[in-house]
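Residue numbers (our numbering): 180 to 318.
Heads up, the beta-carbon is just placed ideally off N, CA and C, and yes, glycines get one too.
Just so we're clear, the structure is a prediction, and the values are computed from it rather than from any experiment.
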């Protein structure tokens with residue numbers, strides 16, 4: 180990708196799982212990213228709270244986009260999430276920051292907060308880093 184704006188456009192507007200799941204990456208660059216999940220009927224479970232799978236999709240999409248800004252194509256290798264509180268409001272926000280950027284493994288810490296800035300979930304995502312440069316979403 181030539182720029183992070185092109186990456187954001189591709190991640191947010193392509194026919195991919197993230198955008199179809201109400202996930203939007205709002206900022207990406209220098210190994211970090213931020214994003215949000217729209218809370219609506221489509222993202223809630225039968226009990227009326229945000230589905231854990233929707234929160235996981237937000238975290239994986241944002242962390243994966245952050246890893247992609249390192250200049251390599253990456254795929255999720257492992258992840259762990261801790262669901263800490265039910266989200267309040269109309270959005271959940273996610274930040275992904277690198278914990279380790281290695282030659283073949285990248286590890287990211289993610290935090291998810293709601294409109295009231297309460298910690299909803301946190302996690303760790305590990306990515307396998309491919310050697311080829313990231314020049315597109317479909318290597």
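query = Out of 307, 303, 308, which has the shortest C-alpha to C-alpha gap to residue 238?
reply = Numbered from 1 along the chain shown, position 59 holds the residue referred to as residue 238. The shortest C-alpha separation from residue 238 is found at 303.
request  = Just the C-alpha distance for residue 240 and residue 226, rounded to the nearest angstrom, thanks.
outcome  = Counting from 1 along the chain shown, the entry for residue 240 is found at position 61. Counting from 1 along the chain shown, the entry for residue 226 is found at position 47. Roughly 25 angstroms between the two C-alpha positions.
query = Is it the case that the Cβ atoms of residue 274 and residue 211 are separated by a distance below 9 angstroms?
reply = The residue labelled residue 274 in the question sits at position 95 within the chain shown. The residue labelled residue 211 in the question sits at position 32 within the chain shown. In this structure, residue 211 lies closer than 9 angstroms to residue 274 by Cβ.
message = Distance check for residue 309 and residue 281, CA to CA, integer angstroms please.
response = By one-based count along the chain shown, residue 281 stands at place 102. By one-based count along the chain shown, residue 309 stands at place 130. Pairing residue 281 with residue 309, the inter-Cα distance amounts to about 11 angstroms.
Residue interval of the alpha helix (DSSP H) (run including residue 183) = Residue 183 sits at position 4 when you count from the first residue of the chain shown. That run of the alpha helix (DSSP H) goes 183–192.
request  = Give the single residue among 287, 249, 204, 253 whose Cα lies nearest to the Cα of residue 259.
outcome  = Within the chain shown, residue 259 is the residue found at index 80, counting from 1. Of the candidates 287, 249, 204, 253, the one whose C-alpha sits nearest the C-alpha of residue 259 is 287.
task = Could you pull the start and end residues of the alpha helix (DSSP H) that residue 297 belongs to?
result = Position 118 of the chain shown, counted from the start, is the residue given in the question as residue 297. It is not in any alpha helix (DSSP H) - residue 297 carries neither H nor E in the DSSP assignment.
task = Could you pull out every residue in the same chain whose Cβ sits closer than 7 angstroms to the Cβ of residue 230, ignoring the five residues on either side in sequence?
result = In the chain shown, the residue the question calls residue 230 occupies position 51. When the five nearest sequence neighbours on each side are left out, the beta carbons in the same chain lying within less than 7 angstroms of the beta carbon of residue 230 are those of 222, 223, 224, in order along the chain.
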